[in-house]
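Asks: First the structure, then my questions, so here it is.
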Amino acid sequence: MSAQVHIIGKSFGSLIVWQALCDDVELNSGVLITPLFDEMQDGKLCDVRATYYPGLLAETRPLQIVSGDKDPHCTVASLHRIVDLAAANFTLRLLRGDHLLQIHTPDMQLLPNASAENLALAADAVVQFLLSQHSICSTSN
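Numbering (this note's numbering), first residue to last: 286 to 426.
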C-alpha cells in the first residue's frame, strides 16, 4: 500500500497548496483554509479565483475549503458559487468569523473565547476531512 499525502494551507498557504496539487498528481487531496478567492480592486470586490487557483473548478481530487462567514477575501457568495460549479468532491466548512476565523462583536471587539472555539471547530473539520480520506488512521491492530 502506498502512502497517502494530503496537504493543507491557510490564506497564502492555500495558494502553495493549490500549486502543489497542480504540480503533483500523486497528492491525494488538499485543504484550503481561508483561501484568497476575492480581493478589492479599484474599490470593487472582484473574484480572483481563476487568477490564483487556475483550474480549480476542474479538479477531481477531494478538496475541503474552510472559511469564515465574514472573510472579505473569501465571501460566502464566492464559496457557494465555487462549490456549485466544481467538478471535484468539494467539502465546504463555513464557520463564523473573519479571515483569521476570529469572531468580533458588532463594534469590532474581539471575542477571545468564541474565537478559540471557532479555531477548534476549524481544526476538527480538517481532521474529519482527513479521516474521511482514510489517511491518518488505521483500523488494523
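Glycine residues also receive a C-beta, built at the ideal position from the N, C-alpha and C atoms.
Given the structure is predicted, the values throughout are model-derived calculations rather than measurements.
Could you check if V302 is buried or exposed, using at least 16 other CB atoms within 10 Å of its CB as the buried criterion?
Replies: As a first step, residue 302 is located in the sequence shown; it is residue number 17 there, counting from the start. When all chains shown are included, V302 counts as buried.
Asks: How many Å lie between Q326 and L406 at the Cα?
Replies: Working through the sequence shown from its first residue, we reach residue 326 at position 41. Working through the sequence shown from its first residue, we reach residue 406 at position 121. Going from the Cα of Q326 to the Cα of L406 covers about 32 Å.
Asks: Quick one: residues in its chain with C-beta nearer than 6 Å to the C-beta of L306, no 5 flanking neighbours on either side, listed in chain order?
Replies: The sequence position of residue 306 within the sequence shown is 21, counting from 1. Closer than 6 Å at Cβ, skipping near neighbours: L312, G315.
Asks: Give every residue of the same chain whose Cβ lies closer than 6 Å to the Cβ of V351, excluding the five residues on either side of it in the sequence, and list them in chain order.
Replies: Position 66 of the sequence shown holds residue 351. The answer, listed in chain order, is I318, R378, A407, A410.
Asks: Count the other CB atoms within 10 Å of the CB of H419; is the residue buried (16 or more) or exposed (fewer)?
Replies: Counting from one through the sequence shown, the residue named residue 419 turns up at place 134. H419 comes out exposed.
Asks: Find out if the Cβ-Cβ distance for the pair F414, C359 is shorter than 9 Å.
Replies: By one-based count along the sequence shown, residue 414 stands at place 129. By one-based count along the sequence shown, residue 359 stands at place 74. Cβ distance not < 9 Å, so F414 and C359 don't count as in contact.
Asks: T336 by DSSP, collapsed to three states: which one?
Replies: As a working mapping, residue 336 is identified with position 51 in the sequence shown. Helix.
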